Amino acid sequence: MSATSSDLRETLREAAAAAASASRLGREFFARPTEEVARDLIGAWLFSLVDEDLSTGRIVDTEAYGGPEDRASHARAGRTRRTAPMFGPVGHAYVYLIYGMHECLNVVAYSGREAGAVLIRAIEPLTGVETMRARRDRPHDADARLCAGPARLCQAMAVDRSLDGHDLVSGDRLWLAAPPASPAGEGRIEIASGSRVGVAYAGDDWRHRPWRFWLAGHPSVSRR
DNA sequence: CGAATGATACCCT
DNA sequence: GGGTATCATTCGG
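As numbered in the working numbering, residues 26 to 249 make up the first sequence, in order.
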């Protein structure tokens with residue numbers, strides 16, 4: 026890369042970081058009922074700054090998981106070493122390994138409950154798309170599909186268990202921001218909801234609970 | 001459709 | 001302590 030484009034890259038990075046910090050989501054955003062936070066995270070921006078590379082995406086698919094009462098939640102076994110972040114301060118990351126090979130990113134959020142977290146299932150790539158593509162092990166996907174799934178977005182955004190417990194409110198490697206104000210006439214987004222994915226083992230009332238939220242019709246939403 | 005792949009939770013010595 | 005069933009998934013066939 027030439028010095029000029031490297032300088033431009035640095036400028037863009039600083040501008041994006043400044044803009045993000047101005048509208049960064051604060052602690053109070055996450056201190057609410059988990060399903061409310063899950064719904065409100067649709068449209069928010071996720072930033073990762075790892076190894077000097079900034080990547081940004083718009084959240085389009087989430088799921089809410091409750092505390093020990095939720096038979097579909099990792100917290101159903103109570104507080105364990107793995108799930109400790111779910112019981113800790115809100116606004117921190119909970120990152121775990123699934124199926125022995127994939128990482129998943131959650132944001133701790135709850136109020137009036139013992140624990141809870143929101144799984145980020147998919148984002149729409151916005152900036153740093155080439156960095157994301159280079160990190161993915163299937164680089165021929167369309168841009169919109171690079172982060173269409175909880176494990177895919179972790180791979181593309183360089184999110185792994187070293188970020189487990191990372192404070193997304195004050196941290197400098199991974200954080201969340203409210204979307205910039207949209208121009209008039211472009212503000213309406215349609216949020217759909219339905220049952221959570223991969224929780225057939227939970228009892229009838231829990232597996233059918235409509236705690237998955239997504240941007241209706243968006244191409245980056247993870248497939249059913 | 002099924003394999004990949006390993007941490008975890010849980011039950012048993 | 002040790003064995004093992006289970007998994008908030010993804011990718012090829």
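We treat Cβ as the ideally placed atom computed from N, Cα and C, and that holds for glycine.
Bear in mind the structure is a predicted one, so any value in this text is a computation, not a measurement.
From the options, pick the residue whose C-alpha is nearest to that of residue i; which is it?
i, options, result
"ARG232", "VAL222, PHE238, ALA241 and TRP239", "VAL222"
"TRP236", "ALA89, ASP189, TYR226 and ARG170", "ALA89"
"SER187", "PRO110, ILE84, THR87 and PHE54", "PRO110"
"GLY242", "SER218, ALA159 and VAL132", "SER218"
"VAL143", "GLY92, PRO208 and MET157", "GLY92"
"GLU53", "ARG177, SER136 and ARG106", "SER136"
"ARG138", "GLY125, GLU94 and GLY190", "GLU94"
"LEU71", "PRO205, VAL224, HIS99 and ARG234", "PRO205"
"HIS99", "VAL224, ILE67, ALA167 and ARG57", "VAL224"
Less than 8 Å between the C-beta atoms of residue i and residue j, yes or no?
i, j, result
"ALA147", "SER220", "no"
"LEU201", "LEU50", "yes"
"VAL85", "LEU193", "no"
"PHE112", "ALA134", "no"
"PHE238", "THR59", "no"
"GLU149", "SER245", "yes"
"ARG64", "ILE214", "no"
"ARG198", "LEU151", "no"
"ALA227", "ALA97", "yes"
"GLY251", "ASP78", "What the structure shows of the chain is the stretch from 26 to 249, and residue 251 is not part of that stretch, so it cannot be assessed."
"GLU250", "ASP76", "No answer is possible for residue 250: the residues shown for the chain start at 26 and end at 249."
I believe residue i touches residue j by the beta-carbon criterion, under 8 Å. Please report the beta-carbon distance rounded to the nearest angstrom.
i, j, result
"THR69", "ALA169", "Correcting the residue type first, residue 69 is Ala in the shown sequence and not Thr. Going by Cβ atoms, the distance from ALA69 to ALA169 rounds to 18 Å, so no, they are not a contact pair."
"VAL132", "ILE145", "7 Å"
"CYS179", "LEU130", "6 Å"
"ALA181", "MET157", "4 Å"
"TYR121", "ARG107", "6 Å"
Exercise. Do the region 105–124 and the region 154–171 meet, that is, are 3 or more Cβ pairs less than 8 Å apart?
Worked result: no
Problem set entry | Within the region 74–128, ranges of the beta strand (DSSP E) (whole runs, at least 3 residues) | 78–90 and 118–123
Problem set entry | Continuous beta strand (DSSP E) assignments of at least 3 residues falling wholly in the region 181–226 | 199–202 and 216–219
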